[in-house]
Structure formats: C-alpha cells, structure tokens
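Data first, discussion second: the structure below is written as structure tokens.
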Amino acid sequence: MKDREIDEILTRAAEAPHAVDPALLDRIAGTIGPSLRPVRPRPAARVLVGGLMLISVSVALAGAARAGFYGIHKLSAGERALIFPALGIFIWLAAMVCVSEFIPGSRRRVAPGFLLGAGSLALVAVFAVLFHDYRTDHFVSQGVVCLVAGLLHAIPTAFVSWLLLRRGFAVNSAAAGLVVGTLAALAGVTMLELHCANLQAWHVIVWHTAVIPVSAVAGGLLGLRFQTGSRDKDLPTG
Amino acid sequence: MYPDSDLEMLMARYQQGDLSAATGLIHRLSPQLHRFFVIRIASREDANDLLQETWLRIHKVRNTYRAGEPVLPWFYAIARHVRVDHYRKTRRTSGREERLDDMPEMAAIPAVSVKPPDLEALLAPLPESQREVVEMLKIAGMSLEEVARATSSSVGSVKQKAHRAYEKLRERLSGAGSQARTGRFS
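Below is the structure:
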C-alpha cells in the first residue's frame, strides 16, 4: 500500500461529517458572551524579547555596581570580548525562547532543555579556553559564595521577567519555568563575571556555571508545581 | 475547512469584543476540536466537557493571539494543553486502570470496505504523539509547520511522526485487507 492510498483513506475518513450538539455550542457562546470585552493584544515578540534582555542586563549591572566591578577589571580585553558577547547571545536566545513559551502556537526555534544544555556547555568551553590557573584555593567556600550570589540575582530577574510575561499563557508550565530559570541564571552569571575577581579555572567553570542548571531546574520545578497546583484546584473536592 | 485569513479576521474581531465573531469561531472550529478530543478520549460526554473547557481557556487567554500569526496552531496548542491536562487528571484519579479499547493491540482493525472508514477506529492503534500529528494534518488540514507550532516541536520531528504513523497504518491496513480477502472478516 502506497502513501498516497493511505492519504486517500485518511482524507475520506476525515471528510465524514462530525456533528456537535448545537445546544452545546449555544451554551458555550452564552457562557462567553457576558464577559466579552475588547482585549489588548500582547506587544510584539521583539518588544518582549528586548524587555527581558533589559531586565537581565539591568539586574546584572545593578548587582555588580553594588558589589563592585572587580571581575571585569581583572579580565583582559580578549577575555571580555569572548565572555560578554557569549553571555549576550545566550541571554538573547533565552529571552526569545521565553517569549515563545508564553504564546500558544508560536514557533519553537530552540527547545528549553537544549538551550539549558547548550548554554551551560558553551560557557564551560569558553571558560576552559580562557582560564588556565588550575589552583583550587578555598574552592568550596568561595564557590558557594559565588553560587549563592548568582542565584540571588537570578531570583529578582526571574520575578520581574514573570511580571512582564504574566499576560501570556504557557501551554507547558514546566518548560516555561525551565527557560525563565535559564534566563535568570544567565543574568546571575553575568553579574558574577562583572564582579568576581577569582579567575581560577575550576572556580569559574564549576561554580559560576552551576548557577545555570540550579536556577533552571528550580524554575522547571516551580513550573511543574504550578501545573500540578492548577490541576488540583480544578479537581472536585469532597 | 476555512481559509486562514477568514479565521484571522474573526479572531481579530473576537479580540475587539465582537460577539458574532466569537460565535462564528465557536461554530466553525468546534466540530474539528471536538473530533480532536473524541479520537483520544473515546467518550462524547468527556469530549463535550473538554470542548467547553477549551473555549473557556481560549476566551481567557485570547489576548495572547497576535494578528498575522497562523490561527489554527494557536487554537490547537490550547486544545492540546486541555487534553493533556485532562489525561493527567484522569490518570491520577482513576489509578492504573486501563481500558481494553485503549490498548493498541486490542483495538479493532477497521475492515476495508466501500464505506469510508471510521477515522477514530483507524487511528486508534497509533501512539498518542503520532495520532495527534495525523489528526492535525488530516482533520484540521494544517501544514507541517503549523503542526510543529501547535505541538511545540520541530518540523523534522512532525515529519518523522507522520512517517512512522503511515508505516503503522500501512501495516495495519494491509493486514486488515488480506484478512478481509481470506474471509476472516465477514
């Protein structure tokens, strides 16, 4: 049997009329009618992407301004030219994916999970290429401080991003949470690169990059919780 | 099936608060959305509930549709969300019970006849992800790109699912055809 023949069978089957009770349709129209008011469509995607990028960069800059720009002063021009454009590209990508996750039926250019993996690996690669001081002085104590600082900057980024996107609708809350977490983490990492003067390779590779999966997973879990929570609310009680 | 521009126009008027546009959309799209639910849920009552739930959800988030974007993927993405939600809820409330007619191996194989085959029975043996792709391509008449948008996946992945679905259908239909010829279906 050829594809064309299967196609014909499916088309014939799909053409068979499928009636829906007209009373049901009237009931639906009747339910919607009273609350029908003009709505303001969401701003264009590029406006939202720009807004998310602005939020991320502002939080990173504000955090570094408060804590001190020690990291960027210690970086060479070449290191700055590689690290910050790489972070900028990933922030832009994450912002784009964020916006599309909050609009049903939008084109998904990059899957949230892929963005998380690719973003983390790309930063690890950039750091591994640039930093060659393999000492591990105060590895855990300094590392935890950086991880916490990165996450503390990810939280406000995620919150303000959510405020910007809240008029949207995520058909997959877990994926949306994951990508918002990734975007927020990138703001945290940017702050660390501006602020942290510890350029030991393992410190930067492990602790700075760790902000991304930790924040993304936290976002994904929150999204999943929200999804389950909204389902629980729908369930009849008693 | 309706031209996309027609639906886009109705959607724009619906966003402006036009009740006749909302009613028009409900009457035009409900049969195919209802069928989308019936194929998976297999109960008209549940499909009715899901259809209502979908329209309420659509109404709530109608601001998220952007003019100029394809309409059907937007509707189907929401319908799919409602269906997945219903599936998870049912799975949690009914435990691990499995309906016999939901099991692919037990599903009836449609006999080859002059009468158009029943789409629901035809697609029953397919896994969920393949079935929804075929439904969207064949019932809604969506393009590969539109199905990819509605299912939050890539065009390549949609093509692959459609290809696998066709392979399974070919196997089933050929099997049913030869069984019918040897008189096993009378």
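Chain order of the listed sequences is V and W. For the first sequence, counting from 1, position 46 maps to 45 in numbering that gives the first Met the number 0; every step adds exactly one. For the second sequence, counting from 1, position 36 maps to 35 in numbering that gives the first Met the number 0; every step adds exactly one. All C-beta atoms in this analysis are idealised placements derived from N, C-alpha and C, irrespective of residue type, glycine included. Bear in mind that the values here come from a model prediction, so they are computed numbers and not experimental data.
Rounded straight-line distance, which links the Cα of residue j to that of residue i
| i | j | result |
| --- | --- | --- |
| Trp206 (chain V) | Gly176 (chain V) | 22 Å |
| Asp136 (chain V) | Tyr69 (chain V) | 18 Å |
| Asp84 (chain W) | Gln129 (chain W) | 18 Å |
| Gly224 (chain W) | Ala20 (chain W) | The requested residue 224 (chain W) does not occur in the structure, where chain W is confined to residues 0 to 185. |
| Lys158 (chain W) | Glu131 (chain W) | 12 Å |
| Ala59 (chain V) | Gln15 (chain W) | 39 Å |
| Ile77 (chain W) | Ala148 (chain V) | 38 Å |
| Pro103 (chain W) | Asp117 (chain W) | Residue placement at Pro103 (chain W) cannot be trusted, given a pLDDT of 44 that sits under 50; what the coordinates show is reported in the next sentence. Near 16 Å, if we compare the C-alpha coordinates of Asp117 (chain W) and Pro103 (chain W). |
| Leu24 (chain W) | Gly62 (chain V) | 49 Å |
| Met105 (chain W) | Ile38 (chain W) | The predicted position of Met105 (chain W) is uncertain, since its pLDDT is 38 and thus under 50; a value taken from the coordinates is nonetheless stated next. So the alpha carbons of these two residues sit roughly 16 Å apart. |
| Pro126 (chain W) | Leu23 (chain V) | 30 Å |
| Gly77 (chain V) | Pro84 (chain V) | 11 Å |
| Ser34 (chain V) | Tyr165 (chain W) | 44 Å |
| Leu92 (chain V) | Ala64 (chain V) | 25 Å |
| Leu198 (chain V) | Arg41 (chain V) | 43 Å |
| Arg36 (chain V) | Ala15 (chain V) | 36 Å |
| Asn47 (chain W) | Gly118 (chain V) | 43 Å |
| Ile102 (chain V) | Leu51 (chain V) | 15 Å |
| Ala110 (chain V) | Leu71 (chain W) | 21 Å |
| Gly32 (chain V) | Ala12 (chain V) | 34 Å |
| His239 (chain V) | Trp201 (chain V) | Beyond the ends of chain V as shown, which are 0 and 237, falls residue 239 (chain V); an answer cannot be given. |
| Phe225 (chain V) | Gly112 (chain V) | 19 Å |
| Leu120 (chain V) | Ala66 (chain V) | 27 Å |
| Ile88 (chain V) | Lys88 (chain W) | 39 Å |
| Asp132 (chain V) | Val213 (chain V) | 25 Å |
| Phe126 (chain V) | Val56 (chain V) | 20 Å |
8 Å Cβ cutoff met for residue i and residue j
| i | j | result |
| --- | --- | --- |
| Asn62 (chain W) | Val38 (chain V) | yes |
| Arg43 (chain W) | Val81 (chain W) | no |
| Gly104 (chain V) | Ala149 (chain W) | yes |
| Met95 (chain V) | Ser173 (chain W) | no |
| Pro30 (chain W) | His17 (chain V) | yes |
| Ala215 (chain V) | Gly180 (chain V) | yes |
| Glu100 (chain V) | Ala174 (chain V) | yes |
| Met10 (chain W) | Tyr75 (chain W) | no |
| Arg107 (chain V) | Ser151 (chain W) | yes |
| Ser172 (chain V) | Gly222 (chain V) | yes |
| Leu115 (chain V) | Ile204 (chain V) | no |
| Val178 (chain V) | Cys97 (chain V) | yes |
| Leu191 (chain V) | Cys145 (chain V) | yes |
| Leu164 (chain V) | Ile90 (chain V) | no |
| Thr189 (chain V) | Leu86 (chain V) | yes |
| Arg27 (chain W) | Ile138 (chain W) | no |
| Leu9 (chain V) | Val133 (chain W) | yes |
Chain V contact for residue i (CB, 8 Å cutoff)
| i | result |
| --- | --- |
| Ile38 (chain W) | no |
| Leu118 (chain W) | yes |
| Val157 (chain W) | no |
| Lys205 (chain W) | Look at the range of chain W in this structure, 0 to 185, and you will see that residue 205 (chain W) is not part of it. |
| Leu55 (chain W) | yes |
| Ile108 (chain W) | Bear in mind that a pLDDT of 41 at Ile108 (chain W), under 50, signals an unreliable position, so the number given afterwards is only what the model happens to contain. Ile108 (chain W) does not count as touching chain V. |
| Thr63 (chain W) | yes |
| Tyr86 (chain W) | no |
| Gln129 (chain W) | no |
Burial state of residue i (16 or more Cβ within 10 Å)
| i | result |
| --- | --- |
| His194 (chain V) | buried |
| Val48 (chain V) | buried |
| Asp233 (chain V) | Only weak support exists for where Asp233 (chain V) lies, its pLDDT of 46 falling under 50; the coordinates are left without a value. |
| Lys160 (chain W) | buried |
| Val46 (chain V) | exposed |
| Leu168 (chain W) | buried |
| Ala66 (chain W) | exposed |
| Arg3 (chain V) | exposed |
| Phe36 (chain W) | buried |
| Glu145 (chain W) | buried |
| Leu32 (chain W) | buried |
Cβ of residue i within 8 Å of any chain W Cβ
| i | result |
| --- | --- |
| Arg166 (chain V) | yes |
| Asp136 (chain V) | no |
| Val98 (chain V) | no |
| Ser105 (chain V) | yes |
| Asn171 (chain V) | yes |
| Leu51 (chain V) | no |
| Arg36 (chain V) | yes |
Near the ligand GTP: residue i beta-carbon under 7 Å from a heavy atom
| i | result |
| --- | --- |
| Leu193 (chain V) | No copy of the ligand GTP appears in this structure; indeed no ligand is present at all. |
So, does the segment 142 to 159 of chain V touch the segment 21 to 36 of chain V, judging by three or more C-beta pairs under 8 Å? Because the criterion of three Cβ pairs below 8 Å is not met, the segment 142 to 159 of chain V and the segment 21 to 36 of chain V do not touch.
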